[in-house]
Each structure stands twice: as C-alpha cells, then as structure tokens.
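**Q** Below is one structure. I have some questions about it.
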Amino acid sequence: MPAGRPGPAAQSARRPPPLLPLLLLCVLGAPRAGSGADTAVISPQDPTLLIGSSLQATCSVHGDPSGATAEGLYWTLNGRRLPPELSRMLNASTLALALANLNGSRQQSGDNLVCHARDGSILAGSCLYVGLPPEKPFNISCWSKNMKDLTCRWTPGAHGETFLHTNYSLKYKLRWYGQDNTCEEYHTVGPHSCHIPKDLALFTPYEIWVEATNRLGSARSDVLTLDILDVVTTDPPPDVHVSRVGGLEDQLSVRWVSPPALKDFLFQAKYQIRYRVEDSVDWKVVDDVSNQTSCRLAGLKPGTVYFVQVRCNPFGIYGSKKAGIWSEWSHPTAASTPRSERPGPGGGACEPRGGEPSSGPVRRELKQFLGWLKKHAYCSNLSFRLYDQWRAWMQKSHKTRNQHRTRGSCPRADGARREVLPDKL
Numbered sequence: 003m004p005a006g007r008p009g010p011a012a013q014s015a016r017r018p019p020p021l022l023p024l025l026l027l028c029v030l031g032a033p034r035a036g037s038g039a040d041t042a043v044i045s046p047q048d049p050t051l052l053i054g055s056s057l058q059a060t061c062s063v064h065g066d067p068s069g070a071t072a073e074g075l076y077w078t079l080n081g082r083r084l085p086p087e088l089s090r091m092l093n094a095s096t097l098a099l100a101l102a103n104l105n106g107s108r109q110q111s112g113d114n115l116v117c118h119a120r121d122g123s124i125l126a127g128s129c130l131y132v133g134l135p136p137e138k139p140f141n142i143s144c145w146s147k148n149m150k151d152l153t154c155r156w157t158p159g160a161h162g163e164t165f166l167h168t169n170y171s172l173k174y175k176l177r178w179y180g181q182d183n184t185c186e187e188y189h190t191v192g193p194h195s196c197h198i199p200k201d202l203a204l205f206t207p208y209e210i211w212v213e214a215t216n217r218l219g220s221a222r223s224d225v226l227t228l229d230i231l232d233v234v235t236t237d238p239p240p241d242v243h244v245s246r247v248g249g250l251e252d253q254l255s256v257r258w259v260s261p262p263a264l265k266d267f268l269f270q271a272k273y274q275i276r277y278r279v280e281d282s283v284d285w286k287v288v289d290d291v292s293n294q295t296s297c298r299l300a301g302l303k304p305g306t307v308y309f310v311q312v313r314c315n316p317f318g319i320y321g322s323k324k325a326g327i328w329s330e331w332s333h334p335t336a337a338s339t340p341r342s343e344r345p346g347p348g349g350g351a352c353e354p355r356g357g358e359p360s361s362g363p364v365r366r367e368l369k370q371f372l373g374w375l376k377k378h379a380y381c382s383n384l385s386f387r388l389y390d391q392w393r394a395w396m397q398k399s400h401k402t403r404n405q406h407r408t409r410g411s412c413p414r415a416d417g418a419r420r421e422v423l424p425d426k427l
C-alpha cells in the first residue's frame with residue numbers, strides 16, 4: 003500500500019459528520035483558536051466577501067498529541083466534502099484552500115467552512131459570509147387605523163436578496179423639531195413592515211425613512227413626509243344588512259352604519275359595494291354610492307342568492323385634501339331575490355287582436371329607459387322613484403289582464419281591447 007494512503011478501514015472512518023451539527027456551527031460557534039482544546043485554526047476567521055469574490059484559506063494544525071499533520075486533512079462546505087484539487091499542502095502542518103467566483107451564502111447566518119482530520123473529526127470551523135450590500139429601500143407606504151397608530155411597509159432594494167442577514171430599521175421624527183425615533187414592532191403586516199402603536203401627533207407632518215444594514219454596508223431610503231390625517235383608514239362598515247325590496251324580484255336593499263371609531267371626528271366618507279352570485283367568484287363593484295349608508299341594487303337575477311360586501315374611505319378628516327385610504331371589505335352578507343312569478347312565453351297572457359295597437363313597444367322602451375337609469379345611477383332616489391312607479395303600473399296591468407282572462411273577458415264583445423295605462427310616472 004502506498005505510503006500516506008489510508009487503508010479501507012481508515013477510508014470508511016473518514017466520512018463527514020452529519021449535516022445538522024455542521025449547520026449549527028455558525029449559529030452556536032465553530033471551534034476557535036485560543037482554546038486549550040483546539041488542535042487547529044482556520045484563517046481568515048469568519049470572512050465576509052462579495053458575490054463573485056475568491057477566498058484563500060488555511061487550516062493549520064498545532065499541539066496535537068496524536069501527531070496529526072496536514073497530509074490527512076480535508077475541507078467541507080455546508081457538510082459537503084470539497085474536491086481535493088481545491089486544496090494543497092503548504093507545509094507539514096498547514097493545508098490551504100482556494101475558492102473562486104463564490105456564490106451567495108446558502109443561509110443568512112453564514113456558510114460552514116470546516117477543517118477535518120483524517121478520521122472525519124472536526125478540527126476547526128469558520129463562518130463564511132458571501133453576499134451583497136443592501137440597496138436603498140423604496141416604495142414606503144403608511145396608513146393610520148382610526149388615527150390611533152401608524153403602520154408602514156416598504157420594498158427592499160432592486161435586487162431584494164442580499165444573501166446576508168440584513169437589518170431594516172424604520173425611523174421617524176416630527177418634521178420641524180424632535181429627535182429621531184425607531185419603530186419597534188416589525189413584521190406586523192409582512193416581512194418588511196413596522197407598526198407604531200401610539201404617541202403620534204396630529205396636525206404636524208412626520209418624516210419617515212428606512213435604513214438597511216448588513217455586514218457589507220448600509221443604505222437609506224428617501225424620506226417620506228406625511229400627516230397622520232392624510233393617511234387614515236378605518237374598520238369595515240359594521241352591521242351590513244341586505245334585504246328584499248318587497249316583491250321586486252330584481253332588487254336588494256343594502257344598509258350599513260358609519261365607522262363608530264370615527265364618530266367623534268369631522269370627516270366625510272365614501273363607500274363602495276361589491277356583490278356576486280352564490281356560485282361565482284367574480285365581483286361586481288358599485289362605485290357611486292357617495293356618502294350614503296344605504297343603497298338599492300337593481301337589475302339582479304330573480305330567485306338568486308347574492309353575497310354583498312361594503313367598504314369605507316374616510317376622507318377629508320378635519321379638512322384634509324388627500325384622497326383617503328379604503329378600508330378592508332366587510333364580511334360577506336347573503337340574501338336572495340324573490341322568485342319571478344311572471345308567466346313565461348305561452349303562459350296564457352292575453353294578446354291583442356289583429357289590427358289593434360299594442361303597448362308592447364311602449365313598455366319595452368320604458369324598460370330600456372329605466373334600465374339605463376339603473377345602470378348609470380344605482381343609488382339615485384329619482385331613478386328608483388321612477389322605476390318603482392313603472393313596476394307598480396306593470397304589476398297592476400298584469401293583475402288586471404289576469405282577472406279578465408279568468409272571467410273570459412280578455413277581448414270584449416264589441417271587439418275592443420281593454421287596456422290599463424299608468425296615470426303618471
């Protein structure tokens with residue numbers, strides 16, 4: 003057997019140790035020089051490098067009573083044995099390692115570079131940090147829930163991933179005076195967010211920015227200036243009720259109350275409604291609800307279950323000129339429209355005799371006109387007064403025709419047709 007080459011037993015004994023203990027080295031601390039139990043040292047210790055850099059490292063054996071030398075040493079990175087061609091002996095007690103074009107660290111706590119003895123035991127370890135410096139955070143947005151707090155979130159730099167642990171700090175201060183403050187409640191609405199729960203001033207603008215720091219450098223965002231009154235949002239409207247509108251099979255009435263948390267503040271409000279049928283995921287949004295707390299949905303399908311939600315935008319608080327921020331949608335509320343009781347085609351409705359004028363075109367025109375009103379003014383009181391009067395006339399006319407058909411008097415004896423017209427719209 004050639005000198006210096008281990009036998010079969012030694013080859014089986016040099017298997018690397020389990021991966022988990024190695025992964026813990028950079029968390030709990032790898033063997034370091036200076037301890038009486040140390041038998042080797044890696045240099046440089048815990049280096050930090052840019053992606054694409056090269057590393058020249060050495061493992062030097064010293065004070066080993068068993069007489070270990072560099073000839074039997076080998077390297078592992080994150081538990082994987084490195085190819086022997088990456089290593090070379092500098093002398094009897096030192097093994098060198100050359101790594102080129104390094105990739106980003108696999109874990110933000112650092113990669114585990116370990117020097118092993120011939121039998122696989124760990125002689126020394128080092129944490130290898132390879133990554134990028136942070137870039138300037140951007141896209142800071144903030145909102146205040148009922149003027150009691152402030153929550154902000156942001157986007158990391160353009161690349162986002164630095165491969166190193168990067169600390170983000172949200173800082174804020176009153177614009178014209180006061181000292182810098184640091185937000186303390188992070189990750190409240192996502193990985194890059196922070197919540198300021200109290201002690202905020204009104205009627206005074208704040209300056210807000212984010213600082214990012216890691217082992218390779220730091221970066222600071224642009225400053226966002228805002229007034230708490232301009233970024234107020236609120237809870238979804240409570241007590242949303244959806245009900246039928248009498249026997250009208252194509253309408254539902256929606257009612258809700260203003261946000262109670264803002265009842266003592268001077269503000270306006272805009273509302274939006276969205277609704278969908280039970281077996282659909284597509285919502286239809288009603289935008290023009292204005293500041294009403296009720297609305298009637300028209301043009302619905304008879305005998306159909308609808309889910310309805312409402313949200314609020316509390317804008318103009320104490321005269322703020324900003325557009326405001328929409329709340330979350332309320333919990334879905336369900337209601338069904340009545341089933342249609344109109345006879346379908348061929349259902350026995352009386353038809354005018356030949357040569358008699360028909361009111362069908364007139365009714366169709368009315369329906370088209372009022373359909374246009376419903377489409378363009380969902381919650382207009384005028385449109386619904388007209389629509390209700392038209393529906394009442396239609397129901398009365400339909401009832402009268404049914405009575406004549408029951409009595410056998412749909413056409414009169416003299417051949418004339420009896421028709422009911424509305425007194426007014």
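Counting the sequence shown from 1 gives a position; my numbering is that position plus 2. Think of the CB as a built atom: it goes at the ideal place given N, C-alpha and C, for glycine as much as any other residue.
1. Cα-Cα, which of Ala94, Gly54, Ser56, Pro49 is closest to His64?
2. Starting from Gln311 and walking both ways along the beta strand (DSSP E), at which residues does that stretch end?
3. Helix, strand or coil for Asp284 per DSSP?
4. Where does Ile327 fall in DSSP's three states?
5. What residue range is occupied by the uninterrupted beta strand (DSSP E) comprising Asp113?
6. Could you please give me the residues that DSSP links to Gln274 through a beta bridge?
7. Might you give, ordered along the chain, the residues of its own chain that have their beta carbon closer than 8 Å to the beta carbon of Thr60, omitting 5 neighbours on each side?
8. So, are the CB atoms of Leu254 and Ser245 less than 8 Å apart?
9. Over the uninterrupted beta strand (DSSP E) stretch that includes Asn105, give me the two end residues.
10. Can you round the beta-carbon distance between Val256 and Ile275 to whole angstroms, since I take them to be within the 8 Å contact cut?
11. Select from Gly321, Ala119, Asp241, Gly326 the residue whose C-alpha is nearest the C-alpha of Trp77.
12. Go through its chain and collect everything with a Cβ distance to Cys185's Cβ below 8 Å, but skip five positions before and after it.
13. Under 8 Å between the Cβ atoms of Val247 and Trp258?
14. Taking the Cβ atom as the reference point for each residue, do Thr295 and Ser338 lie within a distance shorter than 8 Å?
15. Tell me the DSSP secondary structure of Ser322 in three-state form.
16. Starting from Arg298, trace the beta strand (DSSP E) in both directions and tell me its first and last residue.
17. Does the region 98–116 touch the region 129–147, meaning 3 or more C-beta pairs lie closer than 8 Å?
18. Would you call the CB atoms of Val212 and Trp156 closer than 8 Å?
19. In three-state terms, what does DSSP make of Val291?
20. Kindly indicate which three-state DSSP category Leu218 falls into: helix, strand or coil?
21. What number of angstroms, rounded off, separates the C-alpha of Leu101 from the C-alpha of Ser56?
22. Look at the alpha carbon of Ala214 and the alpha carbon of Ile53, and state the distance between them as a whole number of angstroms.
23. Residues in its own chain within less than 7 Å of Leu264 by CB, not counting five upstream and five downstream?
24. Quick check on the DSSP output: the beta strand (DSSP E) that includes Ile142 runs from which residue to which?
25. Between the Cα of Asn141 and the Cα atoms of Ser223, Gly180, Gln47, Asp201, which residue gives the shortest distance?
26. Go ahead and label Glu187 buried or exposed: buried means 16 or more other beta carbons lie within 10 angstroms of its beta carbon, across all protein chains shown.
27. Starting from Gly436, trace the beta strand (DSSP E) in both directions and tell me its first and last residue.
**A** Reading it off the structure:
1. Here residue 64 refers to the residue found at position 62 of the sequence shown. Out of Ala94, Gly54, Ser56, Pro49, Ala94 has the C-alpha closest to the C-alpha of His64.
2. On the sequence shown, position 309 is the one that residue 311 refers to. That run of the beta strand (DSSP E) goes 307–315.
3. Residue 284 sits at position 282 when you count from the first residue of the sequence shown. In the structure shown, Asp284 sits in coil (DSSP, three-state: anything other than H, G, I, E or B).
4. Stepping through the sequence shown from its first residue, residue 327 is reached at position 325. Here Ile327 sits in coil by DSSP.
5. Translated into positions along the sequence shown, residue 113 becomes position 111. Run containing Asp113: 113–118, per the beta strand (DSSP E) assignment.
6. Along the sequence shown, one-based indexing puts residue 274 at 272. Its beta-bridge partners are Arg313.
7. Here residue 60 is taken as the residue at index 58 of the sequence shown, counted from 1. Same-chain partners within the cutoff: Ile44, Ser45, Leu92, Thr96, Leu97, Ala98, Leu99.
8. Locating residue 254 in the sequence shown gives position 252, counting from the first residue. Locating residue 245 in the sequence shown gives position 243, counting from the first residue. In contact: Leu254 and Ser245 (Cβ atoms closer than 8 Å).
9. Counting from one through the sequence shown, the residue named residue 105 turns up at place 103. Run containing Asn105: none; DSSP gives neither H nor E here.
10. Within the sequence shown, numbered from 1, the residue matching residue 256 stands at position 254. Within the sequence shown, numbered from 1, the residue matching residue 275 stands at position 273. So it is a contact: roughly 6 Å between Cβ atoms.
11. Translated into the one-based positions of the sequence shown, residue 77 becomes position 75. Nearest of Gly321, Ala119, Asp241, Gly326 to Trp77, Cα basis: Ala119.
12. Here residue 185 refers to the residue found at position 183 of the sequence shown. So the qualifying residues of the chain are Cys154, Ser171, Leu172, Lys173, Tyr174, Cys196, His197, Ile198.
13. Counting from 1 along the sequence shown, the entry for residue 247 is found at position 245. Counting from 1 along the sequence shown, the entry for residue 258 is found at position 256. Not a contact, by the Cβ cut-off of 8 Å.
14. Numbered from 1 along the sequence shown, position 293 holds the residue referred to as residue 295. Numbered from 1 along the sequence shown, position 336 holds the residue referred to as residue 338. Contact: no.
15. Looking up residue 322 in the sequence shown gives position 320. It is coil, neither helix nor strand.
16. Residue mapping note: residue 298 aligns to position 296 of the sequence shown, counting from 1. Arg298 -> beta strand (DSSP E) spans 296–299.
17. yes
18. Stepping through the sequence shown from its first residue, residue 212 is reached at position 210. Stepping through the sequence shown from its first residue, residue 156 is reached at position 154. Cβ atoms of Val212 and Trp156: closer than 8 Å.
19. For this step, residue 291 is matched to residue 289 along the sequence shown. Coil, per DSSP.
20. Within the sequence shown, residue 218 is the residue found at index 216, counting from 1. The answer is coil: DSSP assigns Leu218 none of H, G, I, E or B.
21. Here residue 101 corresponds to residue number 99 of the sequence shown, with the count starting at 1. Here residue 56 corresponds to residue number 54 of the sequence shown, with the count starting at 1. About 5 Å.
22. In the sequence shown, residue 214 corresponds to position 212, counting from 1. In the sequence shown, residue 53 corresponds to position 51, counting from 1. Cα to Cα, Ala214 sits roughly 18 Å from Ile53.
23. Walking along the sequence shown from the start, residue 264 turns up at place 262. Closer than 7 Å at the Cβ level, and outside the excluded window around Leu264, lie Asn148, Thr236, Pro316.
24. For the purposes of this step, residue 142 is taken as the residue at position 140 of the sequence shown. Its beta strand (DSSP E) spans residues 140–147.
25. Here residue 141 refers to the residue found at position 139 when the sequence shown is read from its first residue. That would be Ser223, whose Cα lies nearest to the Cα of Asn141.
26. Position 185 of the sequence shown, counted from the start, is the residue given in the question as residue 187. With fewer than 16 other Cβ atoms within 10 Å, it is exposed.
27. Lying before the first or after the last residue shown, residue 436 is absent from the chain, which here runs from 3 to 427.
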